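**Student:** Take a look at this one; I'll ask things after.
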Amino acid sequence: MINYIIRRILYAIPILIGVNLLTFALFFVVNTPDNMARIHLGVKHVTPEAIMKWKHERGYDKPLMWNSAAQGAKQASDTIFFEKSVGMFAFDFGRSDEGRDIAHDIKTRMWPSLAIALPVFMVGLAVNITFAMLMAFFRATYIDLSGVVLCVAMMSVSGLFYIIGGQYLVSKLLHLTPISGFDAGSNALKFIILPVVIGVIGGIGSGARWYRTIFLEETSRDYVRTARAKGLSELSVLFGHVLKNAMIPILTGAVVVIPLLFMGSLISESFFGIPGLGSYTIDAINAQDFAVVRAMVFLGSVLYIVGLILTDISYTLVDPRIRLE
Amino acid sequence: MMLFKPVFLWTDMLLWLLLAGVAFYVWRVRLHEHLREPWRRLLRSRSGVASAVVLLAFVAVGVLDSLHFRLPLEKQGNGAETHYSPEVLSVFDLMVGPLRKQVEKTYSAPFASQLYTKETIELPGGKQVRDYPRLKFGGAHLREPAREQAGDVAVTALQGGVYALALCGGLTFMLALWLARRRSISPGAAWTMIRHGRDEIPWRTFLSTVGLLALFVCLATAFSAKYHIFGTDTVGQDVFYLALKSIRTGLMIGTLTTLVMLPFALLLGIMAGYFRGWVDDVIQYTYTTLSSIPGVLLIAAAVLILQVYMDSNQELFDTVAARADIRLLFLCVILGITSWTGLCRLLRGETLKVREMEFIQAATAFGVGHFRIIARHILPNVMHIVLISIVLDFSALVLAEAVLSYVGVGVDPSMQSWGNMINGARLEMAREPMVWWSLLAAFVFMFVLVLSANLFSDRVRDAFDPRVR
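These protein sequences, in sequence, are chains C and G.
Okay, so the first sequence: first residue is 5 according to this note's numbering, each after it adds one.
Okay, so the second sequence: first residue is 81 according to this note's numbering, each after it adds one.
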């Protein structure tokens, strides 16, 4: 198992190098530092000196990949690529275009993100599986049918409307929670509860339907017929046999997103004014802060790959037949 | 002098290319029984027929809205060269003329005859009062809106209802005649067959969906001549018109994205599965790398770069529409680049399976070349996956547009889209009383389109997926 994990981590390195090269090409070759400077300083009426100064302050005035003016190892290291991209492997994200320390921002902002995303994930998983089990239990009846219809209808509503509707109903009409904002410590609860509830409700449609398909696929297997034939009640068949065997497809979809929970949700964080990484990214996009967006792209890919490795490990925990070699 | 100057936008041309492709596919399906069978199965289900009718209505609006041209300006002096208006119009704009032209000053509620905000009005005697001024178009034919409006609305609704009823009656009659010819029975027998739902195609569902659509169209036409059904937005434009115009944007995002990514996914997926070895390794590495970047972030990064490029090369685009159009096209390309990996992986897996089958081995033994094997034997056997994933992706892409426009990396702010409507309305949430009608219009249109796309894709999957059968 340890060998397997080491191999997976080694395999992740070329992928991360690919991601790194891709973002480097996107942010520095397709879109030159001169363009960036012009956007920040205003497209018209900008002097070449101002552009040079802007680039120099951020270290964007060096050669892209190879510094032929420098000596020895500096030829490779005194370049934009080395300073802005290679450092990411050590999680050294440098400074944002505004001059803030990105690594420090990430460290402080990931906790509010997690405070929303983790409950949404846990409660959402429980609620979706419960609804799916109910539909599977009452399969091919009107309860199941209306459940599926409800799921399809809920899937067809854009996530934006869940947030807008929830804010309007709960905060504006009923005055139960504040419309937006965040606070540290236990005061955070009143700010967290509405985004979490809306996040869970918004995910029921697709989630419950997906798990229902998984459960129904399992219930058509032979072992279920055997379990029924030996006289088990439908409930114990569902919980004791179907749920256990459905764990593999459930884990495939669920575990991979766990590391990504740190990144938060772009939309709900900006609607609710949560100072997490999601709203950090949106702010960076709107302010055209390329350094922050680049850092978030890299961080997202790292977390995704970690999620894939965790998924493999989780398989061995629920299914003893699976050995990672 | 020409009556108009046609404008060929990139997305228009791609849409026509897509339609030509669909027409070619339909022609092939009609010739081959084994291709026709799944579609027959789809048309036998009630939700399949109903959602197909609704989707077709949306597509019709989108296609009419994709024939663009510029009208000539008023001639100044004799013999001068004709100048064309910088405003790019579409056939659909002409059809809904009054909707486009009846622009108020600012917000007004649905069916209102007064503006949303108070203004200083000068009375004939020279006195000034602060009141809600009358609208220029909405309810302008009423002398005392407060008293007359309810009656006027009822009469207009009745008119619309009567038109709809006449339309439906005519349609049912024509359907009965057509069915009678086709099944070679008497029209009376065909009518009984429709009424009792005895034909294999659920005509009753078909007729009731068409009837609902006709009712909606007739009511909308009757009312929009006199009122703003969904109110007006901040610059006084009719929200109903904006919502209708957004249909094209939504359809473009949903279809062109697939059109853009399809060649990559097909070529690379089949190559990886067919040739295996190092080709497979390279392609797998490419799509694993791309798919490990979270989608929204990659899109945001790419759109940011595009914005910078377009800001620094503004001379390339002669009209606002052309600029917005290029941005829409690139958004489709970027969405395509982030979404081809899923289909590519599926195609690779299926090709790996298909290439081991006996008929492929036979073809190889006969010395058929790689290209012919792929084109003649593998491609037709993986097409069902392509079709299913196209319709499955559609609704997700329509929803994604709204979210991306909200984040600020969606379509151009000058382009009508549901995302931009929501984004604009969000800023007015805090106003008292709330400006809710833009949200309502965007919600209704998106919900109907996405719901019918979801239902349709379910039926397509049931009809085409061999595992479901």
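C-beta atoms are modelled at their ideal positions from N, C-alpha and C, and glycine is treated no differently.
No experiment lies behind these values; they were computed from the predicted model shown.
(1) How about tyrosine 8 (chain C): is its C-beta nearer than 8 Å to some C-beta of chain G?
(2) Does any residue of chain G bring its CB to less than 8 Å from the CB of arginine 12 (chain C)?
(3) What are the complete alpha helix (DSSP H) segments, minimum 4 residues, inside the stretch 363-395 of chain G?
(4) Measuring straight from C-alpha to C-alpha, what distance separates alanine 302 (chain G) and glycine 206 (chain C)?
(5) According to DSSP, histidine 148 (chain G) sits in a beta bridge with which residue or residues?
(6) Terminal residues of the continuous alpha helix (DSSP H) containing threonine 421 (chain G)?
(7) Count the other CB atoms, across all protein chains shown, that sit within 10 Å of the CB of threonine 223 (chain C); report buried if there are 16 or more and exposed otherwise.
(8) Return the CA-CA distance between leucine 270 (chain C) and proline 279 (chain C), expressed in angstroms with no decimal places.
(9) According to DSSP, tyrosine 164 (chain G) sits in a beta bridge with which residue or residues?
(10) In terms of alpha-carbon separation, which member of C:Leu247, C:Glu87, C:Phe97, C:Tyr166 lies closest to alanine 130 (chain C)?
(11) State the CB to CB distance for the pair valine 489 (chain G) and glutamine 317 (chain G), rounded to an integer number of angstroms; the pair is presumed to be in contact (CB under 8 Å).
(12) Taking only beta-carbon atoms, is proline 253 (chain C) less than 8 Å away from chain G?
(13) Among the residues of its own chain, which have a CB less than 8 Å from the CB of threonine 181 (chain C), if the five just before and after it don't count?
(14) By the three-class DSSP mapping on this structure, what secondary structure does glutamate 202 (chain G) have?
(15) Can you list, in chain order, the residues of its chain with a C-beta nearer than 6 Å to that of glutamate 273 (chain C)? Leave out the 5 residues immediately preceding and following it.
(16) What does isoleucine 218 (chain C) reach in chain G if we use C-beta pairs closer than 7 Å?
(17) Please list the partners that tyrosine 308 (chain C) has in chain G, where partner means a Cβ-to-Cβ separation under 9 Å.
(18) For glutamine 208 (chain G), report the span of its beta strand (DSSP E) as first-last.
(19) What does alanine 1 (chain C) reach in chain G if we use C-beta pairs closer than 7 Å?
(20) Using a Cβ-Cβ cut-off of less than 7 Å, list which residues of the stretch 120-141 of chain C approach chain G; keep chain order.
(21) Flag threonine 368 (chain G) as yes if its beta-carbon sits less than 8 Å from any beta-carbon of chain C, otherwise no.
(22) Quick check: leucine 384 (chain G) and threonine 418 (chain G), are their CB atoms within less than 8 Å of each other?
(23) I'd like the list of long-range same chain contacts for alanine 107 (chain C), defined as Cβ closer than 6 Å, with 5 residues on each side in sequence excluded.
(24) Would you mind stating whether glycine 422 (chain G) and threonine 337 (chain G) have Cβ atoms separated by less than 8 Å?
(25) For chain G, find out if any of its Cβ atoms is closer than 8 Å to the Cβ of arginine 42 (chain C); answer yes or no.
(26) What number of angstroms, rounded off, separates the C-alpha of isoleucine 251 (chain C) from the C-alpha of aspartate 316 (chain C)?
(27) Please classify aspartate 398 (chain G): is it buried, with 16 or more other beta-carbons within 10 angstroms of its beta-carbon, or exposed?
(28) Would DSSP call glutamine 194 (chain G) helix, strand or coil?
(29) Quick check on asparagine 461 (chain G) - is its C-beta less than 8 Å from some C-beta in chain C?
(30) Could one say the Cβ of methionine 45 (chain G) lies closer than 8 Å to chain C's Cβ atoms, at least one of them?
(31) According to the Cβ coordinates, are glycine 291 (chain G) and arginine 284 (chain G) closer than 8 Å?
(32) Sort G:Val106, G:Val209, G:Phe84 by Cα distance to valine 171 (chain G) and report the nearest one.
(33) Quick test of the definition: if touching needs 3 or more C-beta pairs under 8 Å, does the stretch 198-211 of chain G touch the stretch 219-233 of chain G?
(34) Tell me the DSSP bridge mates of serine 188 (chain G)?
**Tutor:** On the basis of the coordinates in this document:
(1) Output row for tyrosine 8 (chain C): interface = no.
(2) No, arginine 12 (chain C) does not count as interfacial toward chain G.
(3) 375-392, all fully within the stretch 363-395 of chain G.
(4) Going from the Cα of alanine 302 (chain G) to the Cα of glycine 206 (chain C) covers about 37 Å.
(5) DSSP, once it has assigned bridges, lists G:Val87, G:Ser170 as partnering histidine 148 (chain G).
(6) Counting along the chain, the alpha helix (DSSP H) containing threonine 421 (chain G) begins and ends at 400-434.
(7) Counting the other Cβ atoms within 10 Å of the Cβ of threonine 223 (chain C) gives 16 or more, which makes it buried.
(8) Put simply, the backbone Cα of leucine 270 (chain C) is about 11 Å away from that of proline 279 (chain C).
(9) G:Pro152.
(10) Taking each of C:Leu247, C:Glu87, C:Phe97, C:Tyr166 in turn and checking the Cα distance to alanine 130 (chain C), the smallest one comes out for C:Leu247.
(11) That belief does not hold up - the Cβ atoms of valine 489 (chain G) and glutamine 317 (chain G) are roughly 24 Å apart, past 8 Å.
(12) Judged by the 8 Å Cβ criterion, proline 253 (chain C) is not in contact with chain G.
(13) Cβ neighbours of threonine 181 (chain C) beyond the five flanking positions: Val174, Ser175, Lys194, Phe195, Ile197, Leu198.
(14) Glutamate 202 (chain G) carries a strand assignment under DSSP once its states are collapsed to helix, strand and coil.
(15) Result list for glutamate 273 (chain C): Gly280, Gly282, Ser283, in chain order.
(16) The premise fails here: isoleucine 218 (chain C) is roughly 14 Å from chain G at the closest Cβ pair, so nothing lies under 7 Å.
(17) Within chain G, the residues near tyrosine 308 (chain C) are Ser371, Ser372, Ile373, Pro374.
(18) Note, glutamine 208 (chain G): beta strand (DSSP E), 208-211.
(19) Residue 1 (chain C) lies beyond the residue range present for chain C, which begins at 5 and ends at 329; the question has no answer from this structure.
(20) Going along the stretch 120-141 of chain C in chain order, one finds no residue with a Cβ nearer than 7 Å to chain G.
(21) Yes - at least one Cβ of chain C is within 8 Å of the one on threonine 368 (chain G).
(22) Contact flag unset, no.
(23) The residues are Phe97.
(24) Not in contact: glycine 422 (chain G) and threonine 337 (chain G) (Cβ atoms no closer than 8 Å).
(25) The Cβ of arginine 42 (chain C) sits closer than 8 Å to at least one Cβ of chain G.
(26) Note on residue identity: the sequence assigns methionine, not isoleucine, to residue 251 (chain C). Across the structure, methionine 251 (chain C) and aspartate 316 (chain C) are spaced so that their CA atoms are roughly 13 Å apart.
(27) Aspartate 398 (chain G) should be labelled exposed.
(28) In the structure shown, glutamine 194 (chain G) sits in a strand (DSSP, three-state: E or B).
(29) Chain C contact via Cβ: absent.
(30) Because chain G spans 81 through 549 in this model, residue 45 (chain G) falls outside it and cannot be assessed.
(31) Not a contact, by the Cβ cut-off of 8 Å.
(32) Per the Cα distances, G:Phe84.
(33) No, they do not touch.
(34) In the DSSP output, where bridge partners are listed per residue, serine 188 (chain G) has G:Thr312.
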